[in-house]
Amino acid sequence: MMNRGQFIVLEGIDGSGKGTQIQCLINEMRKQGRTVYQTAEPTASVTGGILRDALGGFTHRSAYELSALFLADRIFHNTNPVNGIRQFLDNGIDVVCDRYYYSSFAYQGIDADLQWVMDMNLHCREILKPDLCIFLDIDSQASDERISKNRLEREIYETLSVQEKIRNRFFEVFALLGDSETIKIVDASRTVSEVSADIMKIYNEFKGER
Ligand code: TYD
Numbered sequence: 126m127m128n129r130g131q132f133i134v135l136e137g138i139d140g141s142g143k144g145t146q147i148q149c150l151i152n153e154m155r156k157q158g159r160t161v162y163q164t165a166e167p168t169a170s171v172t173g174g175i176l177r178d179a180l181g182g183f184t185h186r187s188a189y190e191l192s193a194l195f196l197a198d199r200i201f202h203n204t205n206p207v208n209g210i211r212q213f214l215d216n217g218i219d220v221v222c223d224r225y226y227y228s229s230f231a232y233q234g235i236d237a238d239l240q241w242v243m244d245m246n247l248h249c250r251e252i253l254k255p256d257l258c259i260f261l262d263i264d265s266q267a268s269d270e271r272i273s274k275n276r277l278e279r280e281i282y283e284t285l286s287v288q289e290k291i292r293n294r295f296f297e298v299f300a301l302l303g304d305s306e307t308i309k310i311v312d313a314s315r316t317v318s319e320v321s322a323d324i325m326k327i328y329n330e331f332k333g334e335r
């Protein structure tokens, strides 16, 4: 029987270097002979577009509306017949995803009721639990510097004080999730190659345990 694919998520506050590190991880996985599907949330669906519109500050949405929209987008992301996560995993393909429900907990869980956001994601049968989540940890000051260097405009969450709250929220959420999830924290304030070496180590250990 074909082995099921592995579902890996990278998380971190804005400016934590997820994009670069996802690329390094996927290159390594492919070198090891794995077939990998790279994806991200919000998705390229219509709902994803509504979300980007709100994240960019063009349309105001409450944290409750955002939570529900991210939920709908995530169900679509898991189940759609063209490039849904579930069918890739079922076909033995690994999925590496830039952000997932942990971001809903940390970002929307500040202004919306955290337990409600967690429950609706964790209790939804159509939303798969990742096999591994790697959290790129960077302090909000360093992330803010990276954001200013790389971009002219900022999204609604991209202020120093909000990023600090979100980072703290991530840690609260990881504590609440406890052993129900496999979450590994990486110090992302170091050089790209130091961070990616840590991620490779985590990935190889994770694979070895399976
Ligand atoms: P991001 O990874 O920053 O994408 P990009 O670099 O292309 O802008 O993600 C976009 C934003 O979406 C980010 O600020 C976090 C936010 N987000 C949530 O608020 N909740 C969620 O559930 C997800 C998946 C993302």
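Under this note's numbering, the residue at position 188 of the sequence shown is numbered 313, and the numbers go up by one with no gaps. We put the CB at the ideal spot given by N, CA and C, even for glycine.
Can you tell me where the alpha helix (DSSP H) with residue i in it begins and where it stops?
i	result
residue 332	317–333
residue 173	171–180
residue 156	143–156
residue 204	188–204
residue 208	Neither: residue 208 is in no alpha helix (DSSP H) and is coded neither H nor E.
residue 302	285–302
Is residue i near the ligand TYD, in the sense that its beta carbon is under 7 Å from a heavy atom of that ligand?
i	result
residue 195	yes
residue 255	no
residue 120	Because the chain in this structure spans residues 126 to 335, residue 120 falls outside the shown range and cannot be described.
residue 228	yes
residue 269	no
residue 262	no
residue 139	yes
residue 251	no
residue 157	no
For the beta strand (DSSP E) containing residue i, name the first residue and the last one.
i	result
residue 260	257–262
residue 309	308–312
Alpha carbon to alpha carbon, what distance is there between residue j and residue i?
i	j	result
residue 310	residue 276	26 Å
residue 204	residue 308	24 Å
residue 301	residue 199	21 Å
residue 313	residue 142	7 Å
Per DSSP, what are the beta-bridge partners of residue i in this structure?
i	result
residue 132	220
residue 163	221
Discussion item. Whether or not the region 170–180 and the region 252–262 are in contact is what I'm after, with contact meaning three or more pairs of Cβ atoms, one per stretch, closer than 8 Å; do they touch?
Written reply: no
Worksheet item: Contact between the region 147–160 and the region 276–292: three or more CB pairs below 8 Å?
Response: no
Discussion item. Count Cβ pairs between the region 131–150 and the region 213–224 that sit closer than 8 Å; are there 3 or more?
Written reply: yes
Worksheet item: With contact counted as at least three CB pairs below 8 Å, one residue from each stretch, are the region 242–250 and the region 286–297 in contact?
Response: no
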